Each structure stands twice: as C-alpha cells, then as structure tokens.
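For reference, the structure discussed in these notes is given below.
Residue numbers (my numbering): 1 to 107.
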C-alpha cells in the first residue's frame with residue numbers, strides 16, 4: 001500500500017513538473033530573448049503567499065536556523081520543473097518493487 005502511494009504521488013508530481021516545463025517552454029518561445037525559468041519560490045508565492053511567509057520562521061524556530069538560508073533558499077531559487085522532477089523521481093524510486101535476490105548467500 002505504501003509503495004502504491006509513493007508511486008502515485010510521484011507520478012502526480014512528475015506530471016506537475018512536466019506542466020511547469022511546458023509552461024516555461026512556451027514563455028521562452030513567446031519571449032524569444034533567451035532562456036527563462038520560473039523559480040519554485042515565485043510559483044509558491046503566486047499560489048499561496050501566506051504559507052511561504054509562514055514557513056521561514058517555522059523552520060528557523062523549530063528545525064534549525066542554518067537550514068533556511070543556504071539550503072531551502074537555494075531550493076526555492078531553482079526552476080519549478082527541476083525541483084518537482086527530482087522529488088517525483090525520488091518518490092517513484094522509493095515506491096519501486098525490490099528485485100528478488102538470487103542465491104542463498106545474502107542475508
């Protein structure tokens with residue numbers, strides 16, 4: 001059941017990554033002035049600005065102060081399709097079926 005859930009969520013997140021990639025691609029074609037990728041932070045702010053503004057103090061207060069600036073800030077500056085693609089791929093890999101072990105020497 002957990003594997004199915006991980007694969008299901010991974011496929012939906014990969015679909016969202018593909019949609020973000022297509023959206024950025026159409027912006028590049030329409031602008032015709034170079035590459036343009038929408039950052040995850042901008043997309044998050046466009047969808048729900050309150051949650052983005054609340055997550056920074058929550059992480060700094062409850063998890064670690066150093067985690068926000070170098071780690072999460074860098075992730076929020078990356079293209080949306082890239083971050084969602086990596087997350088979706090990881091979820092699909094975690095939900096894959098394990099290969100049966102051949103032989104008896106492995107414990």
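Beta carbons are placed, not taken as given, at the ideal position from N, Cα and C, and that holds for glycine.
A quick note: this is a predicted structure, and the numbers were derived from the prediction, not measured.
Taking 4 residues as the shortest admissible run, the segment 46 to 71 contains the following complete alpha helix (DSSP H) segments, listed from N- to C-terminal end: 49 to 62.
In the assembly as shown, residue 83 is a buried residue. Its beta-carbon has 16 or more other beta-carbons within 10 Å. Under the three-state reduction of DSSP output, residue 32 falls in the coil class, being neither helix nor strand. If the five residues before and after residue 68 are omitted, its C-beta is found closer than 8 Å to the C-beta atoms of 56, 59, 60, all from its own chain and listed in chain order.
Rounded to whole angstroms, the gap between the alpha carbons of residue 27 and residue 99 is 42 Å. DSSP places residue 74 in the uninterrupted alpha helix (DSSP H) bounded by 73 to 76.
Rounded to whole angstroms, the gap between the alpha carbons of residue 8 and residue 103 is 32 Å. Its chain contains 6, 7, 10, 11, 14 as the residues whose beta carbon lies nearer than 8 Å to that of residue 92, once the 5 sequence neighbours on both sides are disregarded; these appear in chain order. Around the Cβ of residue 74, a 10 Å sphere holds fewer than 16 other Cβ atoms; the residue is exposed.
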